[in-house]
Amino acid sequence: QAKDAGRGVYRFYDSDLDKKTRAVSRLQAQMFKSIQKKHFVLHYQPIVETETSKLVGVEALVRWEHPGQGLVGPRTFIPIAESSGLIIVLGEWILKQACRQLKEYQDSGLEHLSVSVNISAVQFNHEKLFEHVAAAIDQSGILPSQLELEITESTLMSTATQVNETLQKLSELGVKLCVDDFGTGYSSLAYLKRFPLNRLKIDRSFIQEVLRNQDDAAITRAIITMAKALRLEVVAEGVETDQQFAFLRNHGCETVQGFFVSRPMPGEKLLQWHQRYCASHDPAGAD
Ligand code: C2E
Ligand code: MG
Ligand code: MG
Ligand code: MG
Numbered sequence: 292q293a294k295d296a297g298r299g300v301y302r303f304y305d306s307d308l309d310k311k312t313r314a315v316s317r318l319q320a321q322m323f324k325s326i327q328k329k330h331f332v333l334h335y336q337p338i339v340e341t342e343t344s345k346l347v348g349v350e351a352l353v354r355w356e357h358p359g360q361g362l363v364g365p366r367t368f369i370p371i372a373e374s375s376g377l378i379i380v381l382g383e384w385i386l387k388q389a390c391r392q393l394k395e396y397q398d399s400g401l402e403h404l405s406v407s408v409n410i411s412a413v414q415f416n417h418e419k420l421f422e423h424v425a426a427a428i429d430q431s432g433i434l435p436s437q438l439e440l441e442i443t444e445s446t447l448m449s450t451a452t453q454v455n456e457t458l459q460k461l462s463e464l465g466v467k468l469c470v471d472d473f474g475t476g477y478s479s480l481a482y483l484k485r486f487p488l489n490r491l492k493i494d495r496s497f498i499q500e501v502l503r504n505q506d507d508a509a510i511t512r513a514i515i516t517m518a519k520a521l522r523l524e525v526v527a528e529g530v531e532t533d534q535q536f537a538f539l540r541n542h543g544c545e546t547v548q549g550f551f552v553s554r555p556m557p558g559e560k561l562l563q564w565h566q567r568y569c570a571s572h573d574p575a576g577a578d
């Protein structure tokens, strides 16, 4: 069959690949322009304490206000930003913007709020990362301990030799370090004792079925127990129902985020959301 098709198939495949390459280059060019024109925005998703329901942090999540396509999610463009190197300038902007926004929230009464920023592998391994983080903190006036960087297991396991050094420097600066999507990477657990980490974020894939699937429940409980034994904080992502929330609270998971609490929202919506949230959760202690 393949032989019959002969050169035709080859040429078809070739031009198909060509099309893909051109589409990627076009996206890269558009992204480059969008960075200059500030067509990227950050949305913020609340992170709340299970015990008290109190808002303790927000995760910054980038979106692209694409000229023709509306709001584009990061899963489409972060990989392209990574492969083209654009992630460095984009990531630098994200860090600055997230810290600046946090300072605004703090000045508006959310004094103890912290912000979590996702750092991709290429960005983490770039020589300028530390400088960019330190500058974002300095220029915004937040405390280093109020910024958390989310790093995936694969970033931690990369063979890049400076991983440990970078983590140590960030940790000495006072920045918090969180392992994102915990439990989904191909990794050994040895890095948990080797690196100066502060928090594990249980991946959404375990939370989704946590009430129906015994294995997911067992893994989730095990992660919480292990984190506590290692003096790491735990946060669960992708919490969509009150039962999932209750399960996590009952098993000692300190903080959660997910659609059950709130979807990510534009920065200017958070304070209003918080007022409504306090009114419906703790009318007495909404301070
Ligand atoms: P992530 O860091 O694991 O972020 C969580 C993702 O899950 C977000 O998708 C969020 O909107 C979504 N989510 C939150 N709660 C729920 C829920 O209850 N149910 C469901 N189904 N989904 C929920 P988003 O914003 O599309 O981001 C996707 C990924 O893109 C992120 O995964 C992160 O890896 C990456 N990303 C996002 N923003 C940035 C950024 O500023 N820099 C970098 N390097 N990567 C980013
Ligand atoms: Mg994250
Ligand atoms: Mg995650
Ligand atoms: Mg995830």
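UniProt numbering puts the first residue of the sequence shown at 292, with every later residue one more than the last.
For glycine and all other residues, C-beta sits at the position ideal for the given N, C-alpha and C.
Residue 392 Cβ short of 7 Å to ligand 1 heavy atom set: On the sequence shown, position 101 is the one that residue 392 refers to. No; taking the cut-off as 7 Å, the Cβ of residue 392 has no heavy atom of ligand 1 nearer than that.
Residues with C-beta closer than 6 Å to any heavy atom of ligand 3, in chain order: 471, 472, 492, 528
6 Å Cβ shell around residue 464 - same chain, five flanking residues per side excluded: Residue 464 sits at position 173 when you count from the first residue of the sequence shown. Within the same chain, residue 464 has close Cβ partners 435.
The region 357–364 touching the region 372–385, judged by at least three CB pairs closer than 8 Å: no
Between the CA atoms of residue 380 and residue 419 - distance to the nearest angstrom: Within the sequence shown, the letter at position 128 stands for residue 419. Within the sequence shown, the letter at position 89 stands for residue 380. Whole-angstrom Cα-Cα distance: 10 Å.
Contact under 8 Å by Cβ, residue 258 with residue 312: The structure shown does not extend to residue 258, since the chain is modelled only from 292 through 578, so no value can be given for it.
Per-residue DSSP class, three states only, for residue 383: Walking along the sequence shown from the start, residue 383 turns up at place 92. In the structure shown, residue 383 sits in a helix (DSSP, three-state: H, G or I).
Same chain only: Cβ atoms within 8 Å of residue 455, ignoring 5 sequence neighbours per side: Counting from one through the sequence shown, the residue named residue 455 turns up at place 164. Hits under 8 Å: 485, 486.
Completely contained alpha helix (DSSP H) runs for the region 491–559, where each covers 4 or more residues: 495–499, 505–520, 533–541
Continuous beta strand (DSSP E) stretch holding residue 482: start and end: Position 191 of the sequence shown, counted from the start, is the residue given in the question as residue 482. Residue 482 -> not in any beta strand (DSSP E); alpha helix (DSSP H) instead, spanning 482–485.
Status (buried if at least 16 other CB within 10 Å, exposed otherwise) for residue 477: Mapped onto the sequence shown, residue 477 falls at position 186. The residue in question, residue 477, is exposed, as its Cβ has fewer than 16 Cβ neighbours within 10 Å.
Bridge partner(s) assigned by DSSP for residue 439: Within the sequence shown, residue 439 is the residue found at index 148, counting from 1. In DSSP, residue 439 forms a bridge with 407, 467.
Cβ neighbour criterion (16 or more within 10 Å) applied to residue 560: Taking the sequence shown and counting its residues from 1, one reaches residue 560 at position 269. Its Cβ having fewer than 16 others within 10 Å, residue 560 is exposed.
Of the listed residues 519, 539, 378, 500, nearest to residue 409 (C-alpha basis): To locate residue 409, count along the sequence shown from 1; it is residue 118. The option with the nearest alpha carbon to residue 409 is 378.
Length of the line joining the Cα atoms of residue 490 and residue 347: For this step, residue 490 is matched to residue 199 along the sequence shown. For this step, residue 347 is matched to residue 56 along the sequence shown. Rounded to whole angstroms, residue 490 to residue 347 spans 14 Å at the Cα level.
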